[in-house]
Amino acid sequence: MPIRAYCTICSDFFDHSKDVAAIHCGHTFHYECLLQWFQSAPTKTCPQCRKQVSTRHIINKLFFDVGGEEGGGSVDPESLQNELDQMKVLISSKERDWRDRQKVLDGLKDTVDKQNRDLDSVRKEIMEKEMLCCTLRKQMTYLETQHNETQALKEEARKLRTRMKTYESLDVLLQGQRSEVESMITDMGVSQAAVEQLSIYCISLKKEYDNLKGGLKSSNDMCEKLKREVLSSNHKLQKSTMEVNKTNEDMKSLQNDLASADKEISV
Numbered sequence: 001m002p003i004r005a006y007c008t009i010c011s012d013f014f015d016h017s018k019d020v021a022a023i024h025c026g027h028t029f030h031y032e033c034l035l036q037w038f039q040s041a042p043t044k045t046c047p048q049c050r051k052q053v054s055t056r057h058i059i060n061k062l063f064f065d066v067g068g069e070e071g072g073g074s075v076d077p078e079s080l081q082n083e084l085d086q087m088k089v090l091i092s093s094k095e096r097d098w099r100d101r102q103k104v105l106d107g108l109k110d111t112v113d114k115q116n117r118d119l120d121s122v123r124k125e126i127m128e129k130e131m132l133c134c135t136l137r138k139q140m141t142y143l144e145t146q147h148n149e150t151q152a153l154k155e156e157a158r159k160l161r162t163r164m165k166t167y168e169s170l171d172v173l174l175q176g177q178r179s180e181v182e183s184m185i186t187d188m189g190v191s192q193a194a195v196e197q198l199s200i201y202c203i204s205l206k207k208e209y210d211n212l213k214g215g216l217k218s219s220n221d222m223c224e225k226l227k228r229e230v231l232s233s234n235h236k237l238q239k240s241t242m243e244v245n246k247t248n249e250d251m252k253s254l255q256n257d258l259a260s261a262d263k264e265i266s267v
């Protein structure tokens, strides 16, 4: 039966592709493997029996007389076995590399799927924020209109108060200058016509005075009501403004997140 010798350093069978060397203890190895062993080992010993050796004891190359095989074939089983072992190692390495790459690919797919879900969520949230902003803008427009109307009513109330102050001054004049009125009546004469005229004038002033007093009370009530409405409108306007500012900040943050997500996907 043929001897199928192999190098105990690299575990490959001897063939014609590499030189086979021997040392004085009788063990054989690939010449290159033996040199690498001496360079890496702390002491120069035989890799098989651990006897002390030196490079001078190395027979660099052994020659083997190989007889012809039956059938005239030239197939070297050791070479085939070495090639088979190398192919197995290569296939194992390729399979391991493929598994690693597949894991990375699966991880990237999961990351992309998650980023797509996050992107859809961000887009949906941005759309909701935009709808909320649109609603708040409409509400602000309505509140501003109410505020302008309230300001107009306040201006009208101010004019009414000015007029009422004028009539109040007339009331003070009528109540405080009674002697002067009597003197004026005396100056106008004592005829029946003059007295009747003055009486009619006084009655008219009295009616106007009563009407103005009623109007003043209504105006004061309206002013108080308008003040309350203005305070309520200002409070609503301030609250809406704060909500709009917060919504704008949220939209800006979401847009930045969306841009970052788009950038990561593109990379």
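For the sequence shown, position 134 (counting from the first letter as 1) is numbered 134 according to full-length UniProt numbering, and the numbering increases by one without interruption. For each residue, glycine too, the CB sits at the ideal point set by N, CA and C. None of the values given here were measured: they were computed from a predicted structure.
Could you tell me the alpha carbon to alpha carbon distance between residue i and residue j, rounded to whole angstroms?
i, j, result
"E155", "S253", "43 Å"
"T145", "C134", "17 Å"
"N248", "V104", "39 Å"
"D250", "K129", "8 Å"
"G215", "K227", "18 Å"
"L143", "S233", "7 Å"
"D106", "S93", "20 Å"
"C33", "P42", "16 Å"
"F64", "Q36", "23 Å"
"A152", "R158", "10 Å"
"L205", "N148", "37 Å"
Below 6 Å CB to CB, which residues in the same chain sit around residue i once its five sequence neighbours on both sides are set aside?
i, result
"I265", "Q115"
"V230", "T150"
"L160", "S219"
Who are the near neighbours of residue i in its chain, counting only those whose CB is closer than 8 Å to its CB and skipping five residues on each side?
i, result
"L173", "Residue confidence for L173 is low, a pLDDT of 45 falling below 50, so the modelled location carries little weight; the figure read from the coordinates is stated next. Hits under 8 Å: none found."
"M140", "L237, S240, T241 and V244"
"Q255", "I126"
How far does the beta strand (DSSP E) with residue i in it extend, from its first residue to its last?
i, result
"F38", "Where F38 is concerned, there is no enclosing beta strand (DSSP E), although the alpha helix (DSSP H) it sits in stretches over Y31 to S40."
"A5", "It is not in any beta strand (DSSP E) - A5 carries neither H nor E in the DSSP assignment."
"V20", "V20 to A22"
To which residues of the same chain is residue i closer than 7 Å at the C-beta, ignoring the five residues directly before and after it?
i, result
"D118", "A261"
Check the C-beta distance from residue i over to residue j and give it rounded, since I have them as a contact under 8 Å.
i, j, result
"D15", "N60", "Actually they are not in contact, since the Cβ atoms of D15 and N60 sit about 17 Å apart, beyond 8 Å."
"I58", "A5", "About 17 Å; that fails the 8 Å criterion."
"C25", "C46", "5 Å"
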